[in-house]
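Report on the structure given below.
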Amino acid sequence: SSIFPFLLESITDQHFEIELDKTMDGRTSKITSFITALFILFYSIPLVLFCSQATREISEEAASNMKDYLLSMGMSRVLYFLHHFIYTFIKAWISVIGCSIIFGFVFNCV
1 SSIFPFLLES
11 ITDQHFEIEL
21 DKTMDGRTSK
31 ITSFITALFI
41 LFYSIPLVLF
51 CSQATREISE
61 EAASNMKDYL
71 LSMGMSRVLY
81 FLHHFIYTFI
91 KAWISVIGCS
101 IIFGFVFNCV
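The UniProt record's numbering puts the sequence shown at residues 1 to 110.
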């Protein structure tokens, strides 16, 4: 049986052209389940990196009192946190693009 049946259906229903290995009774094989789990893992790594990097940068600036300095110079709190979100989001997209290229070459989709 598939590890992630709902995700497997949503992946194969979209524009991904992954040919599924079927067993004699119509169930997906273990290799397909492994590929699906690997797919989820590769695309969850940038999310984890995004959250940890943003948290690390904000805590480092809080320890160095840079936030207080910037707020006293007239920067709003919303702009301060928005800067961290946008900057880290752009860095996370580099990881997503890298994972997409790897999957593209592995599955010959590029």
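Glycine included, C-beta positions come from ideal geometry on N, C-alpha and C.
- Taking the Cα positions, Ala63 is about 15 Å away from Leu71.
- Around the beta carbon of Phe89, fewer than 16 other beta carbons sit within 10 angstroms, so the residue counts as exposed.
- Counted as a single uninterrupted DSSP element, the alpha helix (DSSP H) harbouring Met66 occupies residues Met66 to Ser72.
- Ser95: member of the alpha helix (DSSP H) spanning Arg77 to Val106, first to last residue.
- Shortest Cα-Cα distance from Phe81 to any of Ala92, Ser33, Thr36 and Glu57 involves Glu57.
- Here Phe103 is near Phe42, since their CB atoms are less than 8 Å apart.
- Distance from Ile45 to Ser95 at the Cβ level is roughly 7 Å; contact confirmed, criterion being Cβ atoms closer than 8 Å.
- In this structure, His84 lies near Ala54, with their beta-carbon atoms less than 8 Å apart.
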